[in-house]
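Here the structure is laid out as structure tokens; the discussion comes afterwards.
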Amino acid sequence: MGINNNDTLLKKASDWMLTRGWKQKVAKRRQFEQSLFEHALVELDAFLQVLPILRMPNHFSLTEEEEKVLVTSIIAHDVGKERAEWQEYILGRRGFVSDIDPALTKVVVPELAEALSFEGLNGKVMAVIENCVNLHMSGARGDASVVAAMLQGRDRWYTLANIVYYIDNICSAKGVFEAINALERSPLRKHLEPAYHQVVVRGVSTTALHRAALESYIEAGWRSLLHFSDASLYVCSAAQPLLEPTPSSIKDRMVKILEEATGREVMGLMVGSPTANIMPKPELFDFREVRQYLQTAAGKIGRTAFRKKKEETRKDIVVTYLTFKRLSEEGYELGKLTNREVKSSPAWREVNASLSPSALALQTERISTAHPEMMVFKFFKAMMRKEFIGDEGITTAQNAYESIFGPGSWATLLSTSTLMPAQDMAKTVDLFWELPGQRFELAVSRVEELSPEKRTELLIDTLTNIADQVYSAVEQPPTRAALAKEMAAEFMQDLVHPVEEVVLAELARRQLEFYGASKPVAGKELKNAQYLCPICNSPFESGTKGKADLINKPESHTNRAISHGPFGYVMICDTCKYERILRQLLLGERASELIVIFPRMNIGPGAGELLVRKVQALYDKAYAIMTGETTDPDQKIWLALTPVIANSILDRDIYRLTPAQLADLLSYCTGEQERIKNRRQLSKAIKEAYDQNLEEANQEWGTEFATWDEAVDGVVANRVNDPTARRIRAEVYRLYPQMKLVCQTPHMIMLPITYSIVLGEDSETNAALRRVFVALLLGLALDASVAIVRDSEEIDFQGGEGVAYVPPIPGARGLIRANWVPIHQAERWLRAIGLASILASAGQYSDRSGLFEVLTALTPGHILRRIEQQREKDRRGLVYQDIDYLRAFGEVMPMAP
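Letter by letter, the sequence shown follows residues 208 to 1104 in my numbering.
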């Protein structure tokens, strides 16, 4: 029957390695970094994936006993690397030390077999296992050792040792091509047919592309062997080779994945600012959501905002509005009048001179209550653009609009732009308010007489009906399903393999041609121009003008651009545009920073699934905290609070944290004063919502609270399952997700966050060290490489560089002396930065650079003196905890450069 419970076996092996401290031991360091734990787990995982093939009769026809021998050997084959002397060697602190230790092997193998529940292995089998372990390296295969192994081993000991040896070679390769080469050169190639997919790492879209490729290969019958940040290696039986999936099949699956991503709530992204772009993301428009868009637009601005403005401002707008009305009555076309022309006319001065306080108050109230309707008209206008409905659609829209609002009203609507209350009131709202009520079967003489809420609802109904009429006549109305296809077509350009035949010489020629032609058109939006994308360097002809909503400083340019004339905004390729739109779509807003998690060079499918589950569980707990699904809404997550997080982790075993525990360590609870303030605000808001009527609240909630205090306590503790109560609780406690999980496969997992990991007035160096701290904590807890980068930064990491990425800030990199914190220094730097943040607070160091100052202090004594001085100022003495922190800090910092 053989071994068939991979998850159980991986768990038992992990527990055994964890007990021996293999997470803290280095196994690979030259080409890439891996801990001994990771390396052994990758090899075991890979072997378990190919085992169903190798056990087949037409391959090795492995017995159950031989399978147990191989599993034990693969886990234990590098046991000699756990020794202190070998660790000194791999870290470059002493000369060569062999990783083969027969005496240690003899002790370890029986213990491991017992931990794996491999009972009943007799002495000869144990000897085979020892030989597989001791002879897995070619350097250990001397004549004497081979003869000795033959005398005590079994018939197939050499075959089994070779399997261990070649699995080790494949899993020790840097990158997918070296892994394929290792397989091609080995005898295993007679039994295993390799294939691979590879992508260009771009960002969020890369996770979807990996998933599409991975699922396509699995569906075609391939078995995944290893995952890299940019690729996956697959195998099948060489006796029954399979066809690789086609690019078109991967694209079809990519479309489905993107339809899932784009089919979510987008109202916050679709409806923009009243004074800027009302539809900042036209790419996300879906004609089936017209009503929701208009409702969201109506809620973008309140009915009291204008009323609260200064009298001088209100009077200027009211006078301009009344002048619009007067000029219209005198025969001027409203659609041709502008704010500037109206304000410079003699009529404006006359109206200004004659405006009475009562008239100002009346018109202020009218304009103020009309603001939501102004926004509805603006978004409706944006929906009627030519690229959505075409020329025929515009004609249909004009006819339908003018049939309700009167001749010339369409041109008047089109003459409006961003929110200008005077102009919008005269050109759109008044035309609606003046309509007779009977037109809509209402018992009022004019629409204006309706309540503001009813009026807005009627306007939304009216404009939705027009939009439905227009879009029903459009052959291919815009939907996000169509967007998913466009995105997939662009993102497929990042698929390196499998692809149709590519002529590299032609690619190089085109790149060179566009490089030369792109200089004169840099910063200019032109037709038939040739550009190079400033983000990814791809050549393109049809792209998008860069906007601040998509990239930082789109108006920035090089000195070369000046020589070719004025510079406007950079042009970016559609692939980069869609990448940024996808990020915003998933997060609900533009990300500030990205937490990127990926394997340290490679990971097996089983461990990869475990990593995905761990990150998902971490996010689920963090999401519950951020959105207040817990019983304590005063519990928050803010990754910049380094001293708070550090205090929580100092006495914890980082390597054994569960995802839920990790989320709790990243959280904090607000202070007592803040708690009291929040509860007071909640109590006030709840009572106002129910007009101080506790009986009504109980009836709505299905509860029986005897007092308001009990009711408020129930809402605070999340025991009231009522939409209104939960909404008020969320508003008061500011409960909303500040990060989003983008996790499709283990190749690369992303957590976009809405804020920068910066505390107060942090310098760039201080902020960089805080990012390193969070990355170290996540990297050590999740057994992964972690980089925290700004949203605008390029992601060009391969994995295996180290545990945590050090941002390119001279102070931070100069202190750590590396671009990545290596495995053997990771825990030390985690503790050092954490303790330094605590001591910086105790010593009241500079808010801007205190963390860096403590880390670069000459001795712990200097820090102690600083704390003493601050305590004396506050008339307090040193406490034992100060000394305790300093002692711990002194233990980790003597090694500091």
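Note that the Cβ used here is the ideal one computed from N, Cα and C, for glycine as well.
As the structure is a computational prediction, the values presented were derived from the model and not from experiment.
>> I need the straight-line Cα distance from ALA814 to GLN1076, nearest angstrom please.
In response: As a working note, residue 814 is residue 607 in the sequence shown. As a working note, residue 1076 is residue 869 in the sequence shown. Distance between the alpha carbons of ALA814 and GLN1076: 51 Å.
> Since GLU580 and ARG662 are thought to touch, with beta carbons under 8 Å apart, how far apart are those beta carbons, to the nearest angstrom?
Replying inline: As a working mapping, residue 580 is identified with position 373 in the sequence shown. As a working mapping, residue 662 is identified with position 455 in the sequence shown. Indeed, because the Cβ distance is near 7 Å, the residues count as touching under 8 Å.
>> According to DSSP, is ILE485 part of a helix, a strand, or is it coil?
In response: Taking the sequence shown and counting its residues from 1, one reaches residue 485 at position 278. Of the three classes helix, strand and coil, the one that applies to ILE485 here is coil, per DSSP.
> Is THR914 helix, strand or coil by DSSP?
Replying inline: Translated into the one-based positions of the sequence shown, residue 914 becomes position 707. Coil, per DSSP.
>> Check for me: the beta strand (DSSP E) holding THR751 runs from which residue to which?
In response: To locate residue 751, count along the sequence shown from 1; it is residue 544. It spans 750-752 - the beta strand (DSSP E) in which THR751 sits, taken as one unbroken run.
> At what residues does the beta strand (DSSP E) containing VAL703 begin and finish?
Replying inline: As a first step, residue 703 is located in the sequence shown; it is residue number 496 there, counting from the start. First-last of the beta strand (DSSP E) with VAL703: 702-704.
>> Quick check on GLU400: does DSSP put it in helix, strand or coil?
In response: Here residue 400 refers to the residue found at position 193 when the sequence shown is read from its first residue. Residue state, collapsed to three classes: strand.
>> Tell me the residue span of the alpha helix (DSSP H) that contains GLN1076.
In response: Numbered from 1 along the sequence shown, position 869 holds the residue referred to as residue 1076. Taken as a continuous stretch (DSSP letters only), the alpha helix (DSSP H) holding GLN1076 covers 1067-1080.
> Taking Cβ to Cβ, would you say LEU670 is nearer than 8 Å to LEU657?
Replying inline: Position 463 of the sequence shown, counted from the first residue, corresponds to residue 670. Position 450 of the sequence shown, counted from the first residue, corresponds to residue 657. Taking 8 Å as the Cβ cut-off, LEU670 and LEU657 do not qualify as a contacting pair.
> Is HIS1069 buried or exposed, if buried means 16 or more other CB atoms sit within 10 Å of its CB?
Replying inline: Indexing the sequence shown from 1 puts residue 1069 at position 862. By the 10 Å Cβ count, HIS1069 comes out exposed.
> Cβ atoms of VAL1099 and ALA1039: under 8 Å apart, would you say?
Replying inline: Here residue 1039 corresponds to residue number 832 of the sequence shown, with the count starting at 1. Here residue 1099 corresponds to residue number 892 of the sequence shown, with the count starting at 1. Closer than 8 Å, so yes.
> Between which two residues does the beta strand (DSSP E) harbouring SER431 extend?
Replying inline: Numbered from 1 along the sequence shown, position 224 holds the residue referred to as residue 431. 430-434 is the extent of the beta strand (DSSP E) around SER431.
>> Using only CA atoms, which one of ALA932, THR931, ARG886 and ARG936 lies nearest to ASP916?
In response: The count along the sequence shown starts at 1 and reaches residue 916 at position 709. Nearest of ALA932, THR931, ARG886 and ARG936 to ASP916, Cα basis: ARG886.
>> Going by DSSP in three states, LYS313 sits in which element: helix, strand or coil?
In response: Stepping through the sequence shown from its first residue, residue 313 is reached at position 106. It is helical.
> Where PHE584 and GLY479 are concerned, what is the direct C-alpha to C-alpha distance, given to the nearest angstrom?
Replying inline: Here residue 584 corresponds to residue number 377 of the sequence shown, with the count starting at 1. Here residue 479 corresponds to residue number 272 of the sequence shown, with the count starting at 1. The alpha-carbon atoms of PHE584 and GLY479 are separated by roughly 13 Å.
> Hey, quick one: how far does the alpha helix (DSSP H) through TYR296 stretch, first residue to last?
Replying inline: Here residue 296 refers to the residue found at position 89 of the sequence shown. Unbroken alpha helix (DSSP H) run through TYR296: 291-297.
> Cα separation between ARG396 and ASP375?
Replying inline: In the sequence shown, the residue the question calls residue 396 occupies position 189. In the sequence shown, the residue the question calls residue 375 occupies position 168. So the alpha carbons of these two residues sit roughly 14 Å apart.
> Could you give the residue range of the beta strand (DSSP E) that holds ARG997?
Replying inline: As a position in the sequence shown, residue 997 is number 790, starting the count at 1. Run containing ARG997: 992-997, per the beta strand (DSSP E) assignment.
> Cα-Cα, which of THR527, GLY597, THR931 and PRO944 is closest to TYR678?
Replying inline: For the purposes of this step, residue 678 is identified with residue 471 of the sequence shown, where counting begins at 1. Ranking THR527, GLY597, THR931 and PRO944 by Cα distance to TYR678 puts GLY597 first.
> Hey, would you say THR961 sits closer than 8 Å to SER799, going by beta carbons?
Replying inline: Position 754 of the sequence shown holds residue 961. Position 592 of the sequence shown holds residue 799. In this structure, SER799 lies closer than 8 Å to THR961 by Cβ.
> From the DSSP output, which residues share a beta bridge with VAL233?
Replying inline: Within the sequence shown, residue 233 is the residue found at index 26, counting from 1. In DSSP, VAL233 forms a bridge with SER242.
> To which residues of the same chain is VAL981 closer than 7 Å at the C-beta, ignoring the five residues directly before and after it?
Replying inline: One-based indexing of the sequence shown puts residue 981 at position 774. Answer for VAL981: LEU846, ILE964 and ILE995, listed in chain order.
> Which residues in the same chain have their Cβ closer than 6 Å to the Cβ of ILE574, if we skip the five residues on either side of it in sequence?
Replying inline: Within the sequence shown, residue 574 is the residue found at index 367, counting from 1. Excluding residues within five positions, the ones whose Cβ falls inside 6 Å are PHE513, PRO628 and MET632.
> Do you know whose CA, among LYS313, GLU971 and ALA829, lies nearest GLY1018's CA?
Replying inline: Against the sequence shown, residue 1018 aligns to sequence position 811. It is GLU971 whose Cα lies nearest to the Cα of GLY1018.
>> For ALA1095, which residues in the same chain have their Cβ closer than 8 Å to its Cβ, ignoring the five residues on either side in sequence?
In response: Here residue 1095 refers to the residue found at position 888 when the sequence shown is read from its first residue. Around ALA1095: LEU857, ARG1038 and LEU1042.
> Skipping 5 residues on each side, what residues in its chain have a beta carbon closer than 6 Å to that of ILE524?
Replying inline: Residue 524 sits at position 317 when you count from the first residue of the sequence shown. PRO628 and ALA629, listed in sequence order.
> Does DSSP classify ILE802 as helix, strand or coil?
Replying inline: Looking up residue 802 in the sequence shown gives position 595. Here ILE802 sits in strand by DSSP.
> DSSP on GLY360, reduced to helix/strand/coil?
Replying inline: For the purposes of this step, residue 360 is taken as residue 153 along the sequence shown, with counting starting at 1. Any reading at GLY360 must be qualified, since the residue scores a pLDDT of 46, below 50, and its modelled position is unreliable; no value is offered.
> Which whole-angstrom value describes the C-beta separation of ALA736 and GLU748, a residue pair presumed to lie in contact below a C-beta threshold of 8 Å?
Replying inline: Your numbering for residue 736 matches position 529 in the sequence shown. Your numbering for residue 748 matches position 541 in the sequence shown. Indeed, because the Cβ distance is near 7 Å, the residues count as touching under 8 Å.
> Taking buried to mean at least 16 other C-beta atoms within 10 Å of its own C-beta, is ARG977 buried or exposed?
Replying inline: Locating residue 977 in the sequence shown gives position 770, counting from the first residue. Answer is buried; the Cβ neighbour count reaches 16.
>> The beta strand (DSSP E) that contains PRO959, what's its start and end?
In response: On the sequence shown, position 752 is the one that residue 959 refers to. Here the beta strand (DSSP E) through PRO959 covers 956-960.
> Exposed or buried, which one is ALA356 when buried takes at least 16 other CB atoms within 10 Å?
Replying inline: Taking the first residue of the sequence shown as 1, we reach residue 356 at position 149. Low per-residue confidence applies at ALA356: pLDDT is 40, beneath 50, and the placement is therefore not dependable, though the value from the model is reported in the following sentence. By the 10 Å Cβ count, ALA356 comes out buried.
> Straight-line CA distance for LEU719 to PRO727?
Replying inline: Position 512 of the sequence shown, counted from the first residue, corresponds to residue 719. Position 520 of the sequence shown, counted from the first residue, corresponds to residue 727. Roughly 15 Å separates the two Cα atoms.
>> Only counting the same chain, and skipping five residues up and downstream in sequence, which positions put a Cβ closer than 8 Å to that of TYR424?
In response: Taking the sequence shown and counting its residues from 1, one reaches residue 424 at position 217. Closer than 8 Å at the Cβ level, and outside the excluded window around TYR424, lie ALA402, HIS404, SER431, SER439, TYR441, GLU451 and PRO452.
> Are LEU901 and ALA924 close, meaning C-beta to C-beta below 8 Å?
Replying inline: Sequence index remark: in the sequence shown, residue 901 carries index 694 (1-based). Sequence index remark: in the sequence shown, residue 924 carries index 717 (1-based). Cβ atoms of LEU901 and ALA924: not closer than 8 Å.
>> Using 8 Å for Cβ pairs, my map puts THR530 next to VAL497. What's the rounded Cβ distance?
In response: The residue labelled residue 530 in the question sits at position 323 within the sequence shown. The residue labelled residue 497 in the question sits at position 290 within the sequence shown. Going by Cβ atoms, the distance from THR530 to VAL497 rounds to 34 Å, so no, they are not a contact pair.
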